[in-house]
Amino acid sequence: MNKRSSWALPYFIFMVLFVVLPLLMVVIYSFQDSAGNFSMANFSKFITDKDSLSTFALSIEVAIENTLLCVIIGYPVAYILADKKLNKSAVTVVLFILPMWVNALMRTLATAELFNMAGITLGKGTLLFGMCYDYLPFMIYPIYNVLNKMDKSYAEAAEDLGAKPKEVFMKITLPLSMPGVLSGVMMVFMPTVSTFAISEFLTNNKIKLFGTIIQENINNSMWNYGAALSLLMLAIIAITTFLQGKSSEDTVDGGAI
Amino acid sequence: MMTGKKLFAKVYLWVILAILYAPIVFIAVFSFTEAKSLGNWTGFSVNLYKSLFSGNMQNSGGLISAVQNTLVIALIAASVATVMGTVAAIGIFNMRGKKKQTMQFLNNIPMINPDIITGVSLFLLFVFLHISQGYATVILAHITFCTPYVVLNVLPKLSQMNPNIYEAALDLGATPYQALRKVMIPSLRPGMISGFILSFTMSLDDFAVTFFTRGTIGLDTLSTYIYADARKGGLTPELKPLMTIIFLIILAVLLFINIRSAKNNNNKKK
């Protein structure tokens, strides 16, 4: 064993202390009542609380809708940007990422204000629009990267063999770009399902998402219930990560044929 | 047929870009009027810029110190993350089997975790250990979510590096420190720089993690300042010129980098 492998030791200790231990705290707190005794009360509270349950369902619904919206709008953008015939300039790609460097809260406030000026009532529609606006670059960039690095000879071969442009896209380009779509889906779904400030601004506090309830509980010293809700969110994240890992294996196999 | 497709592609790109930039342009336009609320035009004026730079704001200094805190925290967090992440990457690169897998798995956790979970979990740890929260805990939290990106940026540079040149330096009488500084670091530098820049921008933009780990001492970064401001109902009007200036600086830097690298590529082709 090479001696230099021990260089990772400080980072290992750091991660145990500040990544693993905190997550353990979430688990411990969520199975305790406020007096510190073992209890399932937080979870039974969640299951019997209609408001929490409907917020939970709504958050997942909004996250799925927003992710789909980002794929539908973002894929064509990535496709056009990666196509040398349609886009010659690298600056255009930068223009799509640039807004991310402006404070997200400030941009969201301005978006909400634009809706107000246009006389559009803040609600679920504006929430979806604003979230899609905030996370679209996270979808465009990974898809663009995959499309840009893709070996063009596959598509050319299909064309030479008589495939129509639509067939080339459906049978070659789209399947080969799936890894990019999947990482885009992860990068959009995860933050959407856990967002809190953005949803408050975009709906004028009318619609609460799961992140908002976690924040409210933690800030009002209901740490145990807040921890239990965080644990539920962690479960969603774990499941999506697992599914993504599985399906990206499948597409790699499928794409290689 | 071809031109139709091209036209459609162009129009589509520009429509999406227009939507993406609408709120930013909106902020920039309304930074040139004095009105307090965001969408209110009361005639052209540069007074907001004047009061931003003179520091004569109603909210005396709150915004300025929030900007300072944001920059200081991002600078410290990104620097520490770059050093720790680079050293860790060298270690991980030299590991094999289960150990390596464990380290890579641990390194992935902060990247997959949503901000709010990172924030809440660290908050609970600090509460549990009775650590009072403030500047130090925020910086610590930022280091936690920045370092994995440095590791991820440095690892590929290590596999591109010829492993023999480090050994050669040692054989030729360099001390391990000299070999590290003169041989290893230069070949890792591009990865370290992109890791640092990524860490810096993520720290600048962070809201949720800071929100949960800053404690109750009134520490504000730009994000938490804006959040508190918006919840109170009225944004500090000087935020508009501040955001406009930040945007213009970033735009200039990015365009400069891109035009320069495009020129370099052209020169290479010739």
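Top to bottom, those sequences are chains A and B. Under our numbering, the first sequence has 171 at position 171, and the numbering climbs by one with no breaks. Under our numbering, the second sequence has 1158 at position 158, and the numbering climbs by one with no breaks. By construction, the Cβ of each residue, glycine as well, lies at the ideal position given by its N, Cα and C atoms.
Determine, for residue i, whether the minimum Cβ-Cβ distance to residues of chain B falls below 8 angstroms.
{"i": "A:Gly-254", "result": "Residue placement at A:Gly-254 cannot be trusted, given a pLDDT of 38 that sits under 50; the coordinates are not used to answer."}
{"i": "A:Phe-38", "result": "no"}
{"i": "A:Thr-126", "result": "no"}
{"i": "A:Val-62", "result": "no"}
{"i": "A:Met-139", "result": "no"}
{"i": "A:Phe-18", "result": "yes"}
{"i": "A:Ser-194", "result": "yes"}
{"i": "A:Ser-230", "result": "yes"}
{"i": "A:Ala-41", "result": "no"}
Determine the chain B residues that contact residue i at a beta-carbon separation under 7 angstroms, and present them in chain order.
{"i": "A:Ile-213", "result": "By Cβ distance, chain B contributes nothing, its closest Cβ being about 11 angstroms from A:Ile-213, past 7 angstroms."}
Near residue i, which residues of its chain fall below 8 angstroms by C-beta distance, leaving aside the five closest residues on each side in sequence?
{"i": "B:Leu-1219", "result": "Asn-1069, Gly-1134, Tyr-1135, Val-1138"}
{"i": "A:Thr-240", "result": "Met-186, Phe-189, Met-190"}
So the alpha helix (DSSP H) residue i belongs to, where does it begin and stop?
{"i": "B:Ser-1051", "result": "1047 to 1054"}
{"i": "B:Phe-1145", "result": "1135 to 1160"}
{"i": "A:Thr-173", "result": "Here A:Thr-173 belongs to no alpha helix (DSSP H), and DSSP marks it neither H nor E."}
{"i": "B:Arg-1189", "result": "1185 to 1205"}
{"i": "B:Gln-1101", "result": "1097 to 1112"}
{"i": "A:Gln-32", "result": "No alpha helix (DSSP H) contains A:Gln-32, which DSSP labels as neither H nor E."}
{"i": "B:Asn-1069", "result": "1062 to 1093"}
{"i": "A:Arg-107", "result": "104 to 117"}
{"i": "A:Leu-147", "result": "124 to 149"}
{"i": "A:Ser-59", "result": "50 to 82"}
{"i": "B:Val-1127", "result": "1115 to 1128"}
Cutting at 6 angstroms between CB atoms, please list the residues of its own chain near residue i, excluding the five before and the five after it.
{"i": "B:Leu-1140", "result": "none"}
{"i": "B:Thr-1224", "result": "Thr-1210, Phe-1211"}
{"i": "B:Phe-1126", "result": "Gln-1133, Thr-1137"}
{"i": "A:Asn-42", "result": "Ser-30, Asn-224, Tyr-225, Ala-228"}
{"i": "A:Thr-67", "result": "Val-185, Val-188, Phe-189"}
{"i": "B:Gln-1160", "result": "none"}
Please compile the residues from chain A whose C-beta is within a distance smaller than 9 angstroms of the C-beta of residue i.
{"i": "B:Asp-1171", "result": "Per Cβ cutoff of 9 angstroms: no residues; B:Asp-1171 is ~16 angstroms from chain A at best."}
{"i": "B:Gly-1091", "result": "Arg-4, Ser-5, Ser-6, Trp-7, Ala-8, Leu-9, Pro-10, Tyr-11, Phe-12"}
{"i": "B:Ala-1262", "result": "Ser-89, Ala-90, Val-91"}
Around the C-beta of residue i, are 16 or more other C-beta atoms found within 10 angstroms, so that it is buried, or is it exposed?
{"i": "A:Asn-205", "result": "exposed"}
{"i": "B:Arg-1231", "result": "exposed"}
{"i": "B:Phe-1105", "result": "exposed"}
{"i": "A:Asp-33", "result": "exposed"}
{"i": "B:Tyr-976", "result": "It is not possible to answer for residue 976 of chain B, since the shown part of chain B is limited to 1001 through 1270."}
{"i": "A:Val-16", "result": "exposed"}
{"i": "B:His-1130", "result": "exposed"}
{"i": "A:Thr-55", "result": "buried"}
{"i": "A:Ala-104", "result": "buried"}
{"i": "B:Ala-1262", "result": "exposed"}
{"i": "A:Ile-257", "result": "No answer about A:Ile-257 holds up, because its pLDDT of 29 lies below 50 and its placement is not dependable."}
{"i": "B:Gly-1085", "result": "buried"}
{"i": "A:Ser-52", "result": "buried"}
{"i": "B:Pro-1163", "result": "exposed"}
Tell me, please, whether the CB atom of residue i is closer than 8 angstroms to any CB atom in chain A?
{"i": "B:Met-1001", "result": "Bear in mind that the predicted position of B:Met-1001 carries a pLDDT of just 48, short of 50, making it unreliable; the figure below should be weighed with that in mind. Answer no: the Cβ-Cβ gap between B:Met-1001 and chain A never drops below 8 angstroms."}
{"i": "B:Asn-1047", "result": "no"}
{"i": "B:Asp-1220", "result": "no"}
{"i": "B:Val-1127", "result": "yes"}
{"i": "B:Thr-1201", "result": "yes"}
{"i": "B:Ser-1223", "result": "yes"}
{"i": "B:Ile-1235", "result": "First, the residue type needs correcting, since residue 1235 of chain B is Leu and not Ile in the sequence shown. Cβ-Cβ to chain A under 8 angstroms: yes for B:Leu-1235."}
Would you mind telling me which residues of chain A sit closer than 7 angstroms to residue i, beta carbon to beta carbon, in chain order?
{"i": "B:Lys-1006", "result": "Leu-86"}
{"i": "B:Pro-1023", "result": "Arg-107, Ala-110, Thr-111, Leu-114"}
{"i": "B:Ser-1159", "result": "Residues of chain A passing the Cβ test: none, with the nearest at roughly 14 angstroms."}
{"i": "B:Met-1095", "result": "Ser-5, Ala-8"}
Between residue i and the ligand SAM, is there a pair consisting of the residue's CB and a ligand heavy atom that are separated by less than 7 angstroms?
{"i": "B:Tyr-1166", "result": "For the structure depicted, the ligand SAM is absent and the ligand set is empty, with no information on it obtainable."}
Go through its chain and collect everything with a Cβ distance to residue i's Cβ below 7 angstroms, but skip five positions before and after it.
{"i": "B:Thr-1042", "result": "Thr-1033, Glu-1034, Ala-1035"}
Report the neighbours of residue i on chain A: residues whose CB is nearer than 8 angstroms to its CB, in chain order.
{"i": "B:Phe-1207", "result": "Ala-104, Leu-105, Ala-197"}
{"i": "B:Phe-1026", "result": "Ala-110, Glu-113, Leu-114"}
Whose Cβ in chain B lies nearer than 9 angstroms to the Cβ of residue i?
{"i": "A:Met-190", "result": "Ile-1112, Asn-1113, Pro-1114"}
{"i": "A:Ser-52", "result": "Per Cβ cutoff of 9 angstroms: no residues; A:Ser-52 is ~16 angstroms from chain B at best."}
Name the chain B residues that come within less than 8 angstroms of residue i, Cβ to Cβ?
{"i": "A:Tyr-135", "result": "Ordered by position in chain B, no residue passes the 8 angstroms Cβ test against A:Tyr-135, which lies about 11 angstroms from the chain."}
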